[in-house]
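Here the structure is laid out as structure tokens; the discussion comes afterwards.
Protein chains: 4
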Amino acid sequence: MSSSFGTLFRVTTFGESHCPSVGAVVDGCPGNLELTAEDIQVQLDRRRPGQSELTTKRDEADQVAILSGVEHGLTLGTPIALRVDNRDQRPGDYREMSQVPRPSHADFTYQEKYGIRASSGGGRASARETIGRVAAGAIAEKILHQQHGIEFVAWVSSVGTIDAADPDLASIDRSQVDASDVRCPDAAIAERMRQEILAAKDDNDSIGGVVTCLCRNVPAGWGEPIFDKLEAMLAHAMLSIPASKGFEIGSGFAGARMRGSEHNDPFVWKDDRLGTSSNYSGGIQGGISNGEDILFRVAFKPAATIGQPQTTADFNGTETEFKARGRHDPCILPRAVPVVESMAALVLVDMAMRQASRGFGQPK
Amino acid sequence: MSSSFGTLFRVTTFGESHCPSVGAVVDGCPGNLELTAEDIQVQLDRRRPGQSELTTKRDEADQVAILSGVEHGLTLGTPIALRVDNRDQRPGDYREMSQVPRPSHADFTYQEKYGIRASSGGGRASARETIGRVAAGAIAEKILHQQHGIEFVAWVSSVGTIDAADPDLASIDRSQVDASDVRCPDAAIAERMRQEILAAKDDNDSIGGVVTCLCRNVPAGWGEPIFDKLEAMLAHAMLSIPASKGFEIGSGFAGARMRGSEHNDPFVWKDDRLGTSSNYSGGIQGGISNGEDILFRVAFKPAATIGQPQTTADFNGTETEFKARGRHDPCILPRAVPVVESMAALVLVDMAMRQASRGFGQPK
Amino acid sequence: MSSSFGTLFRVTTFGESHCPSVGAVVDGCPGNLELTAEDIQVQLDRRRPGQSELTTKRDEADQVAILSGVEHGLTLGTPIALRVDNRDQRPGDYREMSQVPRPSHADFTYQEKYGIRASSGGGRASARETIGRVAAGAIAEKILHQQHGIEFVAWVSSVGTIDAADPDLASIDRSQVDASDVRCPDAAIAERMRQEILAAKDDNDSIGGVVTCLCRNVPAGWGEPIFDKLEAMLAHAMLSIPASKGFEIGSGFAGARMRGSEHNDPFVWKDDRLGTSSNYSGGIQGGISNGEDILFRVAFKPAATIGQPQTTADFNGTETEFKARGRHDPCILPRAVPVVESMAALVLVDMAMRQASRGFGQPK
Amino acid sequence: MSSSFGTLFRVTTFGESHCPSVGAVVDGCPGNLELTAEDIQVQLDRRRPGQSELTTKRDEADQVAILSGVEHGLTLGTPIALRVDNRDQRPGDYREMSQVPRPSHADFTYQEKYGIRASSGGGRASARETIGRVAAGAIAEKILHQQHGIEFVAWVSSVGTIDAADPDLASIDRSQVDASDVRCPDAAIAERMRQEILAAKDDNDSIGGVVTCLCRNVPAGWGEPIFDKLEAMLAHAMLSIPASKGFEIGSGFAGARMRGSEHNDPFVWKDDRLGTSSNYSGGIQGGISNGEDILFRVAFKPAATIGQPQTTADFNGTETEFKARGRHDPCILPRAVPVVESMAALVLVDMAMRQASRGFGQPK
């Protein structure tokens with residue numbers, strides 16, 4: 013188990029789907045920053061279940077409590093412990109899974125790895141694990157916005173085979189994203205996605221999709237070559253989100269089909285800095301931010317837990333028909349949006365601090 | 013700069029494109045393993061420049077010397093220092109770049125980050141940086157093969173818009189891959205790819221592509237949820253390779269277009285273990301290997317350094333026409349194959365050791 | 013702030029002296045181990061305030077709650093979050109400190125470092141921070157005892173100028189240590205120490221001392237040269253305990269006065285293993301355990317917060333007379349005993365897992 | 013094996029006593045700093061063998077070569093690889109040790125840990141391992157001196173039972189220390205130490221001692237509570253040096269015999285900052301530097317390898333008489349001085365960078 017992320021701004025998450033509490037400890041946050049539970053709650057609310065008919069019916073208010081590290085509304089520079097209690101637990105729903113590992117879920121692999129697994133729900137492989145990420149990410153976002161005006165805006169860019177074109181990157185914001193339950197800013201496409209999700213739900217099935225994420229106003233110079241290139245850390249962060257299957261930055265897989273003469277981003281002067289006239293690089297060159305928009309996409313598979321019957325084998329290898337009970341999302345994409353933003357913020361705040369550490373060594 | 017990778021089996025690389033030596037220190041390798049320079053050289057030879065008309069003409073034998081950590085052909089459990097000298101240096105070729113940052117290369121971002129950059133070639137952003145990775149990866153591969161018969165086979169699955177179907181995963185091996193200069197095991201497609209690369213070369217241009225990598229015989233139970241999921245570490249490793257733009261595991265972005273009922277991998281009994289009848293998961297579930305083939309794809313952009321003239325700006329923002337000299341690969345894909353394999357091996361050997369560490373805590 | 017310790021078995025602590033909760037997250041604990049809150053509470057009870065007239069009167073039951081990572085009395089291999097609520101808070105006691113930094117306390121340095129500090133008590137520099145260490149250490153101890161019969165026994169070996177000789181190392185146990193409030197196993201010396209502490213208390217003063225710690229039944233082969241030698245990690249752990257000023261292993265500073273011919277520990281055969289007939293090495297040679305008793309000593313200064321008036325300067329540099337209010341220990345030594353044991357256990361369990369990780373690479 | 017040290021300024025060392033090369037890779041050094049091999053050589057010359065009749069006769073020039081990371085005399089911000097070749101190898105001297113583990117040396121424990129050990133000399137447990145530390149430390153020192161005027165001065169403060177009082181801390185410098193072969197700045201005491209060492213040498217014996225180290229001009233605010241307190245990192249660093257047995261900061265073990273009223277350091281205004289009138293704290297309070305001199309002491313045991321015959325057991329447990337051949341130091345203290353300084357510098361530069369990283373998060 014490796015439940016910590018980050019070198020200088022480090023989050024450690026804890027909690028299973030059916031234990032008393034889930035949460036996180038954020039270590040390395042600078043002192044003297046204004047921070048309240050409200051700053052965190054706003055993103056937790058975008059992540060929580062039961063928001064709409066598109067999401068699981070599990071009813072969790074997911075109210076966060078700050079246990080330490082903040083006094084009189086200011087951070088102390090010490091670890092910020094964050095707790096969210098699990099309330100609506102229904103362990104009985106998971107009886108079937110004691111003998112049959114859910115296809116494409118983590119029941120089998122956790123058992124192989126640890127010699128034991130949580131008896132109810134996904135344990136740590138549950139989406140509830142992402143609460144700690146989102147809570148910590150909200151703190152990271154606040155710092156980055158305050159220091160550099162950095163903004164993170166993610167949206168659902170595809171559901172199944174329904175694709176949305178990129179919105180105007182200069183103006184897109186979260187209110188546009190949240191205008192639909194699906195979290196796709198194109199209203200017409202969003203409605204088609206919504207129908208697609210409801211169709212899957214009606215079939216006791218699930219459906220996958222893609223989240224696109226924009227990081228705006230990131231200064232040039234962040235990212236740590238060789239092994240901790242900015243895109244490598246983003247890829248690490250995104251593939252650590254449950255159900256993610258792919259990551260691409262800038263041109264991504266489409267860029268692999270191009271020639272250098274079209275793909276190269278020419279430099280041009282932009283007001284007060286050297287910028288590029290195109291952005292196939294996705295805001296990163298040589299593992300370091302170049303001052304342009306950082307833009308990446310994350311693929312999510314359809315959720316593994318579905319209500320329709322599946323032919324599979326039990327732990328002993330005997331073929332059986334399996335039908336999951338429990339309350340599950342037909343499409344995790346709308347709720348994945350704040351998780352993607354949060355993980356991006358955790359990467360960037362750590363990189364910002366790593367770069368700031370060099371301030372020490374510079375000639376005076 | 014973050015030039016170390018791995019928690020228990022840790023490689024630290026060093027060296028610029030035009031300094032005395034490049035290489036790596038491998039720390040954490042268990043003792044008593046047979047190891048010679050030859051074990052390492054075989055992968056370095058697959059990576060080195062000048063192998064064919066498809067690659068850069070820079071002439072480097074890239075002979076590795078083991079400086080420490082091995083005695084009488086056996087590892088001592090101590091750091092293994094590996095050195096490869098740079099020989100064919102032509103710093104004069106890079107005069108143009110002192111004033112003009114190469115479009116989509118790292119000249120600008122390194123300068124922004126460090127306040128300085130190597131005056132010749134790409135410095136650490138050069139492909140020569142991957143020598144240390146490949147040398148270390150060869151050691152990782154040897155251990156994994158010896159302990160579990162694990163095999164890594166990567167190949168070029170697309171160049172530009174020319175795609176190859178997956179070969180037979182049960183039988184594909186490196187000799188089939190190396191049968192063509194392109195390192196695509198499908199001979200007919202390989203020849204078309206070869207023509208595509210030569211066409212780009214003739215145009216003083218470059219072209220991108222995709223490498224697919226297969227990891228065979230990986231036991232179930234490797235990978236460290238939450239943040240160091242096996243696919244997250246692979247994504248981190250692959251996006252840290254110069255010029256990579258995307259990563260996908262198993263079904264990847266295509267999986268995002270599917271429903272759960274088709275995407276789920278049903279369990280079936282396979283001889284002596286529980287396996288799955290399909291493998292959309294790509295051998296990993298919940299961040300942990302499940303005993304099936306691990307299969308992933310890495311997108312590479314076309315190399316940024318091209319011989320044809322480009323309109324861009326110099327460091328002061330003044331528009332200029334830039335034409336790179338120096339010796340560069342029209343397509344880095346064939347040489348990226350051993351780099352991808354090596355990074356995969358570095359991820360897996362570290363995960364193997366992390367899992368073995370749990371052997372301590374188990375009830376007797 | 014660096015509130016995490018350990019590479020594979022990693023504890024992250026949180027909490028100030030006057031915030032809602034203190035506690036820890038233990039990540040990396042193997043699965044399937046029996047664990048209850050009682051296993052942890054027994055050491056917390058030895059650490060908690062108000063045990064006797066020798067300790068602070070702050071009244072805290074320090075009952076631990078397990079929030080995650082354990083189900084039906086078994087560890088899941090996932091993070092174990094541990095929470096202890098702060099109850100008896102009296103922030104008003106600390107008014108004096110808002111203008112005057114306590115001499116030899118952390119008020120000044122925290123302010124310098126973070127630009128802010130907890131307004132009440134020591135914040136993270138309070139002894140309450142050690143609750144998380146002790147809770148985590150109790151888990152580490154349990155594993156080590158179960159796997160190898162390893163035992164940790166620490167005791168107070170000096171208070172002020174009153175020294176106790178080492179007890180019989182083969183038989184000393186915690187019941188002997190706990191027979192006196194002072195936690196010195198020599199009853200006569202313990203009584204003299206007790207009087208010394210009460211005399212300091214009567215003077216509104218504090219007094220220092222030394223804790224000696226024995227780790228019994230540690231197998232040969234643990235410890236990670238070069239930089240993470242076993243004694244280096246123990247020194248790191250011990251000097252991280254509040255108020256500690258020194259560490260010595262085996263012969264320690266006395267060994268520096270000796271010649272090699274007397275100091276060397278000759279090898280002899282012991283039943284089923286190669287051992288040594290003397291133990292100036294303190295159970296560690298070359299950074300690696302040799303199978304003999306590990307024995308080390310930790311010096312603690314007298315507590316900085318004392319009730320008698322002190323002439324010092326306020327934050328502006330103006331000379332003033334300062335007299336601390338609040339409830340403080342005249343001698344922290346008795347309560348330091350379980351903290352020292354816990355930190356030793358945290359070091360050893362991590363080293364055990366790091367050594368076990370090599371099991372992977374060994375020839376079959 | 014854990015051959016890396018530091019979080020942001022990280023050194024990785026490599027090399028055995030009788031392999032081709034020893035050295036280090038320094039990763040994380042900021043760019044644009046002037047650096048030449050000469051900057052490094054000066055400390056290596058103080059560490060190298062054969063300096064006087066007090067040290068081993070092994071003849072090694074220990075000339076350092078910079079392999080990477082520096083161009084035109086300036087650091088690039090990339091890894092700096094440093095190589096020193098082993099020349100005067102006499103593996104034949106070590107035949108005796110193949111069957112008999114040297115008492116109090118690492119032969120036995122390395123064999124137990126790794127299942128193998130270097131056949132000649134101490135392998136990684138040799139003093140030659142410290143070359144990489146000193147080379148890296150010289151770089152750290154240069155940065156710290158350039159940025160803050162920080163100076164590191166260590167000296168031999170005891171040899172056997174001969175103790176030297178502390179010199180004037182405001183004026184002591186390396187030229188005073190190096191005035192005698194022993195590296196004790198008190199000439200009369202130094203001569204007595206010299207005789208003591210030669211007497212041990214005549215007896216084919218060795219003798220221990222203590223090094224005291226002063227770090228001058230360290231600003232307030234460095235050090236990372238909780239677990240990476242500045243004194244904890246220094247203790248870690250010092251106990252990682254071969255043959256060290258103890259560490260104390262400020263008052264150290266003597267402080268454990270004092271009362272708080274005498275031990276507390278009152279605050280006073282000093283020119284432009286709040287300082288303390290005494291310094292029992294040794295420049296660190298609550299794990300964070302307070303702006304006063306950092307002063308600590310390190311105990312070294314007498315070297316284990318001695319020429320006189322010792323009764324011990326071979327690997328099979330059979331009693332035998334053992335007499336070491338080879339060339340060894342009768343007293344390692346004089347050569348330990350630059351190693352202690354180097355490790356202190358490595359700790360402080362890393363802490364400086366970790367503190368600088370907080371610059372990012374501060375309100376503007």
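Chains as they are written, first to last, in this note's numbering: chain R, 13 to 376; chain X, 13 to 376; chain B, 13 to 376; chain Y, 13 to 376.
Just so it is clear, CB atoms sit at the ideal spot from N, CA and C, and this is done for glycine as well.
In the DSSP annotation of this structure, the continuous segment of the alpha helix (DSSP H) that includes Y/Val146 starts and ends at Thr142 to His160. Using a Cβ-Cβ cut-off of 8 Å, R/Met365 is close to Ser369, Arg370, Phe372 and Gly373 of chain Y, given in chain order. X/Val82 is bridged by DSSP to X/Thr87. Burial state of B/Val54 is exposed, judged by a 10 Å Cβ sphere holding fewer than 16 other Cβ atoms. Residue environment: X/His84 is assigned as exposed (fewer than 16 neighbouring CB atoms within 10 Å of its CB, all protein chains considered). Here DSSP, grouped into helix, strand and coil, assigns Y/Glu28 to coil. Between the stretch 46–63 of chain Y and the stretch 13–22 of chain X, the count of Cβ pairs shorter than 8 Å is below three; the stretches do not touch. Nothing from the stretch 347–360 of chain R brings a Cβ to less than 8 Å from some Cβ of chain Y. Per DSSP, the unbroken beta strand (DSSP E) holding R/Glu260 starts and ends at Ser256 to Ile261. At least 8 Å separates the beta-carbon of X/Thr317 from that of X/Asp326.
The beta-carbon separation of X/Leu56 and X/Asp74, rounded to 5 Å, stays under the 8 Å limit for a contact. R/Arg204 and R/Ala212 have their alpha carbons spaced roughly 13 Å apart.
For Y/Gln159, a Cβ of chain R is located within less than 8 Å of the residue's own Cβ.
One alpha carbon belongs to B/Ile201, the other to B/Leu226, and they sit about 19 Å apart. Cβ-Cβ separation between Y/Pro237 and Y/Gly299: approximately 4 Å, consistent with a contact (criterion under 8 Å). Counting only runs of at least 3 residues, the stretch 313–339 of chain Y fully encloses the following beta strand (DSSP E) elements, listed from N- to C-terminal order: 322–325 and 331–334. Taking the Cα of X/Val168 as reference, the smallest distance to any Cα among X/Gly144, X/Cys343, X/Gly272 and X/Asp240 is reached at X/Cys343. For R/Thr48, the CB contacts under 7 Å within the same chain, skipping 5 residues up- and downstream, are Gly85 in chain order. Counted as a single uninterrupted DSSP element, the alpha helix (DSSP H) harbouring B/Phe120 occupies residues Asp119 to Tyr126.
About 26 Å separates the beta carbon of R/Gly329 from that of R/Asn216, a gap too long to meet the 8 Å contact definition.
B/Val146 and Y/Glu72 have their alpha carbons spaced roughly 49 Å apart. In summary, no residue of the stretch 208–232 of chain B has a CB separated from any CB of chain X by less than 7 Å.
Where Y/Asp97 is concerned, there is no enclosing alpha helix (DSSP H), although the beta strand (DSSP E) around it starts and stops at Ile92 to Asp97. Against chain X, the beta carbon of B/Pro314 has no neighbour under 8 Å; the closest one sits roughly 39 Å away. Annotation: the continuous alpha helix (DSSP H) that includes Y/Asp51 extends over Ala49 to Arg59. The stretch 239–259 of chain Y and the stretch 306–316 of chain Y touch, with no fewer than 3 CB-CB distances between them shorter than 8 Å. Between the C-alpha atoms of Y/His117 and B/Gln297 there is a straight-line separation of about 6 Å. Y/Ala311 is bridged by DSSP to Y/Val222 and Y/Gly258. Taking C-beta atoms as the reference points, X/Ala177 and X/Ser170 fail to come closer than 8 Å.
The continuous beta strand (DSSP E) containing X/Leu286 extends over residues Arg285 to Thr288. Bridge partners of B/Ile300 according to DSSP: B/Gln297.
Against chain X, a Cβ distance below 7 Å from R/Trp281 picks out Ala325 and Gly329.
With contact defined as three or more Cβ pairs closer than 8 Å, the stretch 356–370 of chain X and the stretch 135–150 of chain X are in contact.
The Cβ of X/Ala130 sits closer than 8 Å to at least one Cβ of chain Y.
When C-beta atoms of the stretch 159–167 of chain Y are compared with those of the stretch 184–196 of chain Y, three or more pairs fall below 8 Å, so the two segments count as touching. Annotated as distal: X/Gly89 and Y/Tyr292, with beta-carbon spacing of 8 Å or more.
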